[in-house]
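Structure record follows, encoded as structure tokens.
Residue numbers (our numbering): 3 to 94.
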């Protein structure tokens with residue numbers, strides 16, 4: 003699946019939940035997920051998303067991608083109107 007397909011699934015899931023609760027249907031809030039076997043399972047969504055589909059935040063002195071291990075809790079924010087998900091870091 004492409005990242006857009008995962009985004010569509012997530013948005014569809016959130017829109018369904020928001021519609022049932024009569025809440026706003028715009029996805030703009032950060033989420034938390036768990037790294038597991040090369041995928042990230044976002045809380046409250048049933049489908050894991052491959053780690054390769056996420057963008058990462060690094061500073062200008064970092065040359066390597068962050069390394070996460072199974073069970074790490076990740077803080078994720080939507081970017082570009084929810085079309086991309088960015089892992090900001092690990093929760094400790």
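Where a beta carbon is used, it is the ideal one built from N, C-alpha and C, also for glycine.
Check                                                                                                                                              : Outcome
Less than 6 Å between C-beta atoms, sequence neighbours within five positions excluded: which residues of the same chain meet that for residue 56? : 87 and 89
Quick one: what does DSSP say residue 79 is sitting in, helix, strand or coil?                                                                     : strand
Near residue 39, what residues of its chain come up, given a Cβ to Cβ distance below 7 Å and the 5 sequence neighbours on each side ignored?       : 72
Given a cut-off of 8 Å on the beta-carbon distance, is the pair residue 50 and residue 58 in contact?                                              : no
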